[in-house]
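Those protein sequence lines, which keep their order, are chains A and B. Count the first sequence with the working numbering and you get residues 1193 to 1625, in order. Count the second sequence with the working numbering and you get residues 1159 to 2154, in order. Below you'll find the structure, written out as C-alpha cells, and then a few comments.
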Amino acid sequence: MKEGLFPPPVEMTLDQCIKCNICTSVCPVSAVTDLFPGPKYAAPQAGRFRQPGQPNPDASVDYCDGCRVCNLACPTGVKIAEMNARARAVMVEQGAFNLVLRLRNNLLARPELLGKAARPIAPAANYLLNLPAARLLADKVFGVAREAPLPAFSSDTFTAWFKNHARRAPALPGRKVVYFHGCSTQYYERRIGVAAVQVLEHLGFEVIVPRQNCCGLPLLSNGEFAAARRYHRSNVANLVEFARAGIPIVGTSTSCTLTLKEEAPELLDMHDEDSALVAKSTYDFNEFLLLLHAEGLLNLELASVNLRLLYHIPCQYRAHRLGHLGSELLGLIPGLEIRESEVSCCGIAGTYGYKSEKYAISMAIGAPLFEKARQFGGPLVVCDSETCRWQITHGAHLPAIHPVELLAAAYGYPPLDALAEILKGATEPTAFS
Amino acid sequence: MIIETEALVIGGGATGTGVVRDLAMRGFKAVLVEKGDLTRGTTGRYHGLLHSGGRYVVRDPQAARECIAENRILRQIMPQCIEDTGGFFVLTEHDDPDYAPQFLAGCRTVGIPVEELSIAQMLREEPLLNPRIARCFRVPDGSADSFLAAELNAVSAQEHGARILNYHKVAALLRADDRIVGALCEDLVGAETVEIRAEIVVNACGAWAGKIARLAGLEAPVIPGKGTMLALNHRIVNTVINRCKFPSDGDILVPAHTVAVIGTTDVKVADPDHFAIEPWEVELMLDEGEKLVPGFKQMRVLRAWAGVRPLYQDASVDDTRDVTRAFVLLDHEQRDQTPGMITITGGKWTTYRKMAEATVDLVCQKLRSPRSCRTHLEVLPDAPGGAPKARSVHSSLTAGHRLAEVEQDQSYGKLICECELVTEADAVRAILLGSAKTIDDLRRDLRIGMGPCQGGFCTYRVAGLLHRLQNRPVEQTNLALRDFLQERWKGLLPILWGQQLRQERLDELIYLSILNADHLPGPRSGPLTPELYSPPDIPGAPPAADALPSDCQEFKTARPPIFSTFAKPAEDQPPPLDVLVIGAGLAGLTAAWVAARRGLRVRLIAKGWGALYWQPGCIDVLGYNPNDREALISAPVQALPDLLRANPQHPYALAGLDRLERSLAAFSALCQSAGYPFSGSLEQNWLLPTALGAQRPTALAPETMIAGDLTASKPALIVGFAGFADFYPELIADNLSHQGVPARGLWLSLPEVARRRFVNALTLANLFDDPRFVESVAEELLRQISKKSDFQPERIGFPAVLGLDNPRRALEQLEISLGLPVFEIPTLPPSIPGMRLCRLLVNAIHNSGGKVYNGLQAVCAERENGKITGVWSEAAARKTLHRARSYCLASGGLLGGGFFAAHNGLVSEQVFNLPVAAPASRHGWLNREFLSGKGHPIFHSGLRVNRDLQPLSSDGQVFYENLHILGGALDGFDPIRERSLEGVGLASGFLAGELL
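Given below as C-alpha cells:
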C-alpha cells in the first residue's frame, strides 16, 4: 500500500487483511490456549465490528500477549498487535476489568513506582516478595501468579553508580550519546547499565544520563493509556533537547527503545513534532553499535570470549524490524559462538506472564524455548529484554544476560554476576584490560 | 398444482412482504409469489437508509412527511432491524450555502427534529469527515437491514396463515372475461407449473410492476431508475451522512452492519433485469465520497451493485430524480376497467409499511370487507432459525452486537464466515429451517460472503455443509458453489483494484490451485444461476501510464542524519552481504538456499511469510494448457516444449528445461535429506484429490499425498474431523465417486478435538505430532470402518494436517495401524504442507549460514550507474538500509504483494519501481466469468527479463545488472491458471541462486 497514507493509521490497516490465516498459524498464544482465538479474529475481523462510542463488545482480545509475531508474519501489513492493544484500552476505559484487576495491572505496570518504594528497603522487600505465603496471598487476592519470576531489587540504583563512576577511556570530540537506562537497569539489573556505559565510553563517547522515567510500555500493554500518555510526554520533554542537538538516544532495554521509537506515539496517537524527533533519534544499543560499525567507527579490538551460547531474540526486538542485530553484533567477538533459538516467544510478554489467569499460558508459550535452552546446555542464555531474561531463568533454570555484558567483557571490563562466574578463564587479556 | 386464495401478492420485496403481512393480519387468505429469493430485487440492493425525510423536505415535502411518520413506526415495530445511527446533513464547500436555510425551514414545516452541530462536535463524532465542511445538521436517520425486515414480515405473515412461495415466477395472469383471477407460476426449483386462483391480485413488483402489468395487457407507467452503490471494507462512519443539497448522485454515505455504503446514481434503464454498472458511476461515487471523507479514494472498496428504483410517472420526465418519491396505488378497475388487480409501486423502503397499509385498505374495499390495519402496532417476530442478527430482538442494534454475541458464547472457533462472524450453528439452522435454495439465499439470511474475502473461505465451507445436510446430487452442490462464486464476482468486477484485487487473487488460488473448482463435474449453469450485469460501455481506454523507474529521493534523505556527522561514508566500504533476497515465497527461499549453499553471505527479507503458507505444498509444474485450460496435462515433459515454443517469454523458457529438471532434483534431494521426501517427475503428473473431490494435476508431491493418486481407481474412504470446518468428506467422496473412484465420507468425533473451542488446521497438525493422538485416531477409525461392512476401502484420505514436525511418523503409524495406505488432501489456508516446506527451506538457509528476516518490508532502492547499491526496508521510527553485491526480487506479483494495481489502471512494482507489463487500461483486466478458462489478463502482468533474469526496459536494455527477478513477478504467464506456480518458483529461484 504505497498509495495513500503511508504508514496507514492503525485501525485503517484492517483494510489490508486478505484473511489468509498466516497470522493465526504463527500465533504463539492461540497455539496453546483456546481463550485467544488468534490474531486474524482479534484484529482485522473484530475491528470491523468495533465502533467508537458504542459498548465494547470484546473479551478475548485481552489474551493477546502483544508479542507481534503476527505483525511480522503478515504479508499485507495489518497492525494486528497495535489494534489489539487499542481494543484492550477501550475495555479498560469502559470498565471491563474490575477494580482488583485494575489495581493489579497498574501495580505490575509501574516498575518504577515499585522500584522507588522498594529500593530503600531492598533486602526486606526481596525477602518479603519471595516468601511463599506472601506470594500465595498476592496470587489469591491480587491475581499475581505466585510462581512467576519476580526480579530482585538492587540495593543501589544505576544512576547512583553512574554519578560516581570513573571514566577509563578518553572522550573523543563530537561523540556524545544519551543513555536511556529503563526501569530494570535502574532498580534490578544495574550491571547492564554499567556494561553499556563502559562500552560507550570505551568507544570515546561522552555518556549523558538525563532525567527520565518509565517508558510506559507496561501501561500500554495493560490498556492504561492515560497514564502511559503522561509518562511518554514527560520522557519526550526530558529527551527532546538532546534530540534537537543531534545527540542519539541509546537504550539497552529493547522494549523501552521500541516504545520511544514507535509504540507510544503510534498507540497513543502522539504524532507531535517533539515525539517524532525523539523517536527518530532513538536507537537500540545493538543497532547503534552496528551503525557505527557500518561507518567504520567501531573499535574491533575485542578479546576472544571462548563460549558457545544460545541467543534468544525477544519479540520486542523483532518488532524493531531491523533483523537479528544481537547475534550480528556478538558475531564480531572472536571465539564466541552464538546459536539463535529460532523460537518465537518466551511467553512472559512484559507483565502478561505475571497474571494468575495467564501464567500457565505464558509457561506453555515458553516451553519450546525452555526445552531448547536446556538441550543446548547453557551455561547461560543471551537475550536483550529484561522480562524475557527473567522468564528464561525461571523456565529453563539458566542465568540470562544482555549482549552488552559480553561486549564489555570483550573490551576488557570485568564482568559481574552470572557472566563473571562463567567467564573465569574464558577471556584473554587485551590491551585495554 | 392449484392453489386457491383470497389475495395473491406478486413480488417478495419490502412492499410485497409488507402487503402479505398486512393481509394476513387482517385475516385474509393470502399467497405471495416471488421469482427469486425474497429481497432478491431492489429491496436487497439498496443502501439500507432509514430516511428521516430530510432528503425530501425541500423538493418533495409529501414524501418527507411519509418518511418521518414511518421512521417513527418502524423503530417501534422492528427494533431488531434498525440501528439508530442518527444522520448528518453536511454542507460541503461544493454545495450551495443557500440550501441550508431552506433545508432547516423544510424540516421544521414537515416536523423532522433537526439540530445544528458545531464542526468541532461533528468531527468529534465522525473524525474522518472533511474538516472543511461548513455546516452540519443532525436528523433522526437510521440504518436498516432490509433483508431481515422482509424476512420477518414474511415470517409474521406465515404466522398469520399466509403462504410464501419463493422461486415461483409468474408466467401469465389468469383472466376470466375482463377480470384478473389469478396467475400461472413456474416453480423454478420443483420444475412444475402452479396455478394460483385469487379474488384479487396485488402487483407489488416495484420496478418490475410494468412487466407484470403488461402480462395482462395493462400499463403501469413505472420507470426503472438504476442506482449504483459501493460498499467500503469497513464502517468509516457511524452516522448516516447526507449532503445538504438537492438530492443528487453519490450524496449519501450509510453505515450498514460492518460496511459503509455510498450511493447512488440514478439512471433510467429500459429493463429492470438487464443493466450495467458503468465505470463512470464508480468514479462518481469515489469522487463524491472524497468530498465527504478525504482519503476515500484510497480506501478499500469491497463491492459494487445496483438496484432499480420503481419511479412512477404519467408523463415523460427526463431526469428521474424529478419524479415523486411518494408512492402510487393503481386501481386497474378504475384505470383500465380491468377488475381483480391493483398495482402498488413507487415509494421507498422507509415507507413500505404505509404502502402496504394503503394497498390492503383498497383490497378491503374491493373485497367489500372493511378491516382495520394493525401492522403499526405489532412488533415483528424473531426469525425461525435463520438470521443470527435476529437473536437480539427488542434490544437496539449496534455495529458490535454480533461480535459481542460471539465473544459471549466463545463461539469464535466455530465460524464458517469469519469476516461476518457467522457460526456453523447459524448456517446449519438456516439451511435446515429456512427456505434457502442457493448459497446466495443463505447470504441474505446470514451475511455470509459479504465481508472482505467475498466468499473466499466461506463458499467452500457452506457448500460442504449444504451437501452434508441436504444430501443432494453432488452436481447440484458443485453448481451452487460455482454460482455463488460467480455471484460474488459479479459485484467485484467494477471495483477490483488494490487490495481487493489481491484478495481476489488469493481466492483464485484457493478455488483453482487448491480446490480445482473449475474442473468439477456437473453443469456450468442451472435455473437458479444468477444473471450477470450487462457489460458496461467502455469509453476509450486511457493511455498507458509512464512507469519508468525513478529515484526514491524521499527515502534517501531519510538516512539517519545523526551519522552524517561522522567521518566515513558507508559507500566506501564493500557491501556486507553478497546477496539480498526480497520475498519469502518458494522462489526467494530457493534462491537464498542455493546461494547460501554456495558459501555466499545471504540475507532474505520479507514483509511477511509468502505464498507457501497458502499453496497445497506440492510442486505444480504445468497442469493445464494455457491456451486450452480444459486440456489436462498428464505428461509435462511432453507439453513443455510446445508451451515454450509458443511462449518464448515464459519463465521456463528463460530458465531452460534442463535447469527446471535440475531444480526439481535438487529440491527433491533437500526434502529427502530433511526427512520429508517428495515423489514424482516431469514424465507423469499425479492426479491428486482436492478438498472438493476434483482432480488436481501436480508433478511432485510429498509422500504423504501420493496414495491419493486418482489415476488408480482404488476405493477411498475420506475422513474428516468433527469440529474442523475446512474439510467435508461427503462432498469429496461424492465427487470422487462421480469420477469413477468409489469413495465414502466419514466424520470422526474425537474427545481431543471436541474439547477444543478453536480447531483449525494447525490445531490438528499439532495434535498429530503426538503419537498418542494418532493412536486414538486409528482406534476410532477402525471402530467406524468395522461398522460399515458394505464398503471396503483400499486407501484412506485425511485433510492435510498429519503433523507439522513429523508427518511421516504419523503417516507410517496410521498405515501400520489401519493396514491401508493413507494420504493427505490439502485444504484451505493455512496450508500445513506449505508450512512444512517453508520451515524446511528456512532451516536449510540457516544451516548454510544465511539469514531470513520477516517483518522487513522493502520499500525503496538506491541505484548508481546501472546498479542497485542498497535497498531500504521499513522499520520502527525510520528506514533501514541493506547493502549487497546483488539483489533478488522475489516479492511475487499481485498475489505476493510485489505489485500494486491502482485504481487508475497503473500496475507498479513496489521496490525498484520497474515497469510492469500489464493491460493498458483497467477495463481490460478482467473476464466476466470468475472461473473463465481464459483467465484474467491482469494476472498475466509481470516484469520482462532476459535469460539472466535481469529486468529489461521495453527496448530490451538491462535496467540493473545486479538485480534478478524471480517467481510470480515474472511476465508472460498466469501461474495459477496453468498450475505452474511452484515450478516457476523453483526453477527461477534455482537459476538466480546459481547466477549470483
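Where a beta carbon is used, it is the ideal one built from N, C-alpha and C, also for glycine.
Give the list of continuous alpha helix (DSSP H) stretches no shorter than 4 residues that lie fully inside the stretch 1625-1659 of chain B. 1632-1650
Can you give me the C-alpha to C-alpha distance between B/V1216 and B/A1258, rounded to a whole angstrom? As a position in the second sequence, residue 1216 of chain B is number 58, starting the count at 1. As a position in the second sequence, residue 1258 of chain B is number 100, starting the count at 1. Roughly 10 Å separates the two Cα atoms.
A/Y1551, enclosing alpha helix (DSSP H) - first and last residue: Here residue 1551 of chain A is taken as the residue at index 359 of the first sequence, counted from 1. Where A/Y1551 is concerned, the enclosing alpha helix (DSSP H) stretches over S1548 to F1568.
What is the rounded straight-line gap between the Cα of A/Q1246 and the Cα of B/S1276? Position 54 of the first sequence, counted from the first residue, corresponds to residue 1246 of chain A. Position 118 of the second sequence, counted from the first residue, corresponds to residue 1276 of chain B. Whole-angstrom Cα-Cα distance: 22 Å.
Spatial neighbours of B/K1726 within its chain, please: CB distance less than 6 Å, with the 5 preceding and 5 following residues excluded, ordered by chain position. On the second sequence, position 568 is the one that residue 1726 of chain B refers to. In this predicted model, B/K1726 has a pLDDT of only 41, less than 50, meaning its place in the structure is not dependable; the value taken from the coordinates is given anyway. Taken in chain order, the list of residues that qualify is empty.
Taking only the alpha-carbon atoms, compute the straight-line gap between B/A1588 and A/L1305 and give it to the nearest angstrom. Numbered from its first residue, the second sequence carries residue 1588 of chain B at position 430. Numbered from its first residue, the first sequence carries residue 1305 of chain A at position 113. Whole-angstrom Cα-Cα distance: 56 Å.
Interface partners of B/H1392 on chain A, CB under 8 Å: What you label residue 1392 of chain B is simply residue 234 of the second sequence in a count that begins at 1. Residues of chain A passing the Cβ test: L1206, D1207, G1239 and R1240.
Is it right to say A/V1442 is buried, meaning 16 or more other beta carbons lie within 10 angstroms of its own, or is it exposed? Counting from 1 along the first sequence, the entry for residue 1442 of chain A is found at position 250. Classification of A/V1442: buried, given that the 10 Å Cβ count is 16 or more.
Interface residues of chain B facing A/Q1246 [CB-CB closer than 8 Å]: Here the question's residue 1246 of chain A lines up with position 54 in the first sequence. Going along chain B in sequence order, the residues near A/Q1246 (Cβ under 8 Å) are N1396, T1556, A1557 and G1558.
With burial defined as no fewer than 16 other Cβ atoms inside 10 Å of the residue's Cβ, what is the status of A/Y1551: buried or exposed? By 1-based counting over the first sequence, the position of residue 1551 of chain A is 359. A/Y1551 comes out buried.
Going by DSSP in three states, B/R2135 sits in which element: helix, strand or coil? Taking the second sequence and counting its residues from 1, the one referred to as residue 2135 of chain B is at position 977. It is coil, neither helix nor strand.
In whole angstroms, what separates the C-alpha of B/P1719 from that of B/Y2118? For the purposes of this step, residue 1719 of chain B is taken as the residue at position 561 of the second sequence. For the purposes of this step, residue 2118 of chain B is taken as the residue at position 960 of the second sequence. Because the pLDDT at B/P1719 is just 44, under 50, the model does not fix this residue reliably, and the value given afterwards should be weighed accordingly. Cα to Cα, the separation comes out at about 28 Å.
Alpha carbon of B/L1373 to alpha carbon of B/G1364, nearest angstrom: Along the second sequence, read from residue 1 onward, the residue named residue 1373 of chain B stands at position 215. Along the second sequence, read from residue 1 onward, the residue named residue 1364 of chain B stands at position 206. Distance between the alpha carbons of B/L1373 and B/G1364 is about 15 Å.
Contact list for the stretch 2005-2028 of chain B against chain A, Cβ threshold 9 Å: K2009, Y2011, N2012, G2013, L2014, Q2015 and V2017
Can you give the Cα-Cα distance for B/E1338 and B/N1674, rounded to whole angstroms? To locate residue 1338 of chain B, count along the second sequence from 1; it is residue 180. To locate residue 1674 of chain B, count along the second sequence from 1; it is residue 516. The sequence given here places Ile at residue 1338 of chain B; Glu does not occur at that position. Looking at the two C-alpha atoms, the distance is approximately 51 Å.
Under a three-way DSSP split, which group does B/F1615 fall into? Translated into positions along the second sequence, residue 1615 of chain B becomes position 457. Note: B/F1615 maps to coil in three-state DSSP.
Using beta carbons (cut-off 8 Å, strictly below), is B/G1766 in contact with chain A? Position 608 of the second sequence holds residue 1766 of chain B. For B/G1766, the answer is yes, since a Cβ of chain A falls inside 8 Å of its Cβ.
Just verifying my parser: in three-state terms, what is the DSSP assignment at A/N1498? The count along the first sequence starts at 1 and reaches residue 1498 of chain A at position 306. If DSSP states are grouped into helix, strand and coil, A/N1498 belongs with coil.
Rounded straight-line distance, which links the Cα of B/L1999 to that of B/R2043: Numbered from 1 along the second sequence, position 885 holds the residue referred to as residue 2043 of chain B. Numbered from 1 along the second sequence, position 841 holds the residue referred to as residue 1999 of chain B. Cα-Cα distance, rounded: 23 Å.
So that I know if they touch, is there some Cβ in chain A lying closer than 8 Å to that of B/G1746? Counting from one through the second sequence, the residue named residue 1746 of chain B turns up at place 588. So no, B/G1746 is outside the interface.
Give the DSSP bridge partners of A/H1504, in chain order. In the first sequence, counting from the first residue as 1, residue 1504 of chain A sits at position 312. Bridge partners of A/H1504: A/C1575.
Rounded to whole angstroms, what's the CA-CA distance from B/D1299 to B/G1245? Just pull it up for me. Reading the second sequence from its first residue, position 141 is the one you call residue 1299 of chain B. Reading the second sequence from its first residue, position 87 is the one you call residue 1245 of chain B. One C-alpha to the other measures close to 5 Å.
Can you list, in chain order, the residues of its chain with a C-beta nearer than 6 Å to that of B/V1632? Leave out the 5 residues immediately preceding and following it. Position 474 of the second sequence, counted from the first residue, corresponds to residue 1632 of chain B. So the qualifying residues of the chain are D1892, N1893 and H1896.
Going residue by residue through the stretch 2016-2074 of chain B, where are the continuous alpha helix (DSSP H) segments of at least 4 residues, counting only ones entirely within it? none
Ends of the alpha helix (DSSP H) at B/C1522? The count along the second sequence starts at 1 and reaches residue 1522 of chain B at position 364. Counting along the chain, the alpha helix (DSSP H) containing B/C1522 begins and ends at Y1510 to K1524.
From B/Q1568 to B/A1912, what does the alpha carbon distance come to, in whole angstroms? The count along the second sequence starts at 1 and reaches residue 1568 of chain B at position 410. The count along the second sequence starts at 1 and reaches residue 1912 of chain B at position 754. Those two C-alpha atoms are separated by around 14 Å.
Determine the direct distance from the alpha carbon of B/R1355 to that of B/L1166, and round the result to whole angstroms. Residue numbering aside, residue 1166 of chain B sits at position 8 when the second sequence is read from its first letter. Residue numbering aside, residue 1355 of chain B sits at position 197 when the second sequence is read from its first letter. Using only the alpha carbons, I get a separation of about 8 Å.
Interface residues of chain A facing B/G1571 [CB-CB closer than 8 Å]: Residue 1571 of chain B sits at position 413 when you count from the first residue of the second sequence. Simply D1226 and P1229.
Can you check whether the C-beta of A/G1196 is within less than 8 Å of a C-beta belonging to chain B? Along the first sequence, read from residue 1 onward, the residue named residue 1196 of chain A stands at position 4. Low per-residue confidence applies at A/G1196: pLDDT is 39, beneath 50, and the placement is therefore not dependable enough to give any value.
Within this structure, are the beta carbons of B/C1996 and B/A2150 separated by less than 8 Å? Along the second sequence, read from residue 1 onward, the residue named residue 1996 of chain B stands at position 838. Along the second sequence, read from residue 1 onward, the residue named residue 2150 of chain B stands at position 992. No. Outside cutoff.
Local Cβ density within 10 Å of A/Y1603, reported as buried at 16 or more and exposed below that: Counting from one through the first sequence, the residue named residue 1603 of chain A turns up at place 411. Classification for A/Y1603: buried.
Distance, B/L1889 Cα to B/R1902 Cα: As a first step, residue 1902 of chain B is located in the second sequence; it is residue number 744 there, counting from the start. As a first step, residue 1889 of chain B is located in the second sequence; it is residue number 731 there, counting from the start. One C-alpha to the other measures close to 9 Å.
Buried or exposed for B/Q1796, please, with buried defined as at least 16 other CB atoms from any protein chain shown within 10 angstroms of its CB. Position 638 of the second sequence, counting from 1, holds the residue named residue 1796 of chain B. With fewer than 16 Cβ atoms within 10 Å of its Cβ, B/Q1796 is classed as exposed.
Taking a contact to mean a Cβ-Cβ separation below 8 Å, would you say B/W1767 touches B/L1664 in this structure? The sequence position of residue 1767 of chain B within the second sequence is 609, counting from 1. The sequence position of residue 1664 of chain B within the second sequence is 506, counting from 1. In this structure, B/L1664 does not lie closer than 8 Å to B/W1767 by Cβ.
Given B/T1351, which residues of its chain have a CB within under 8 Å of its CB, disregarding the five upstream and five downstream residues? Indexing the second sequence from 1 puts residue 1351 of chain B at position 193. For B/T1351, where only same-chain residues beyond five positions count, the Cβ hits under 8 Å are M1159, A1329, L1342, C1343, E1344 and D1345.
How should B/F1836 be labelled, buried or exposed, when 16 other C-beta atoms within 10 angstroms of its C-beta is the threshold for buried? Stepping through the second sequence from its first residue, residue 1836 of chain B is reached at position 678. Counting Cβ neighbours within 10 Å, B/F1836 comes out buried, since at least 16 surround it.
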